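In UniProt numbering, the protein residues as written are 1 to 204. Glycine included, every Cβ here is placed at the ideal spot set by N, Cα and C. What you are looking at is a predicted structure, and each value in this text was computed from that prediction instead of being measured. What follows is a single structure, written as structure tokens, with notes after it.
Set out below in structure tokens:
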């Protein structure tokens, strides 16, 4: 099982939104929290910063650097795993499966997992430190398949956004959509779940 981190295993969005709203405010942009959440769930923080940057005439790199500094220094290590995360990761291993990480986040992702005693439940994975093309491109999933000798037919990519599903399917693995927020945004998914434990029912 190849896992997305943000919004799938960890509830990182409160910190993401707080940092993003602060960055936008610094550059004179007012954003409503609920609307911004919907926007980045359907797209990405990077995409929204690029769009806003063009509108206000501020380089994307400037906006991203300000946001990233705020989020990493102030919020990322405050994020908590969802209540079922540990049980489900252990359940995958107990069923004879393997867990892998595929996140756009840097190695702070591994820091979170180590903090909570979950890192050893993963065989490996990809963060932004590998500098692979971002989802929905399949590059990172293909890298995991190749590096760890996984068979696509018995591998799945799971995440809370459409781009997670698309990346997995483009790499030839099943795409599982974790519709935690009820957005119904990935009709192409091979399976859709509303709770993490439902993953365990799919292992057979």
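{"Query": "Should residue 6 be labelled buried (16 or more other beta-carbon atoms within 10 Å of its own) or exposed?", "Result": "buried"}
{"Query": "Between which two residues does the alpha helix (DSSP H) carrying residue 41 extend?", "Result": "33 to 42"}
{"Query": "Could you pull the start and end residues of the beta strand (DSSP E) that residue 124 belongs to?", "Result": "122 to 126"}
{"Query": "If you scan the region 41 to 119 from start to end, which runs of the beta strand (DSSP E) of 3 or more residues do you find wholly inside it?", "Result": "99 to 102"}
{"Query": "Leaving out five residues on either side along the sequence, give the residues of the same chain with a beta carbon under 8 Å from the beta carbon of residue 148.", "Result": "98, 100, 123, 124"}
{"Query": "Any idea what DSSP makes of residue 168, helix, strand or coil?", "Result": "helix"}
{"Query": "Of the residues 51, 26, 46, 16, which one's Cα is nearest the Cα of residue 34?", "Result": "16"}
{"Query": "Which first and last residues belong to the alpha helix (DSSP H) in which residue 148 is found?", "Result": "139 to 148"}
{"Query": "Do residue 167 and residue 126 have their beta-carbon atoms positioned less than 7 Å apart in this structure?", "Result": "no"}
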